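Each step along the sequence shown adds one to the number in the working numbering, with nothing skipped, and position 65 is 59.
Encoded as structure tokens, the structure appears first; notes follow it.
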Amino acid sequence: MTPTTPPRGIILVVDDEDVVCRAMSRSLKYGLGGAFEIEMARSGPEALEILEILDREGEPLLAVVSDVVMPGMTGDELLLTIHQRWPRMVKMLVTGQADASMVARVQQQTNLAACFGKPWDRSKLLDTLRTEIRTTWGI
């Protein structure tokens, strides 16, 4: 990719903790070499609002990486809503409080690509995201 090549799609990071959201976004931005535009949301409702706006603008919505435990709408509720509206999006969870039954349910209901613990393994997360985007979107 040359410096003038625009990003080829959107990856949305959702976490109610600002420091975690920014760290994940930076990790994805630099780890993926700027190939994708990284957007951030601090809540489920904000994430849905951002996705609706980007979708109306015709932006390719490739993936969402969400925390699970957030006030209001939890990450699993968010991914279910996203899956109903944008079923092809790659969906991943990052959580400090993984519940195996919740993860299994989300996998079954949304085609969850992966669930990572906090702190996440940067290289595994990047490799999984690259593979899932390539497999799902061919890029």
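Glycine included, every Cβ here is placed at the ideal spot set by N, Cα and C.
Nothing here was measured: the structure is a model prediction, and the numbers come from that model.
The continuous stretches of beta strand (DSSP E) do not include T68, and DSSP gives it neither H nor E. G69 counts as buried, since at least 16 other C-beta atoms from the protein chains shown sit within 10 angstroms of its C-beta. For the stretch 2 to 48, the continuous alpha helix (DSSP H) assignments of 4+ residues that do not extend past its boundaries occur at 12 to 25, in sequence order. In the structure shown, L106 falls within a coil segment according to DSSP collapsed to helix, strand and coil. With respect to the 8 Å criterion, V58 and I76 are classified as neighbours on the basis of their beta carbons.
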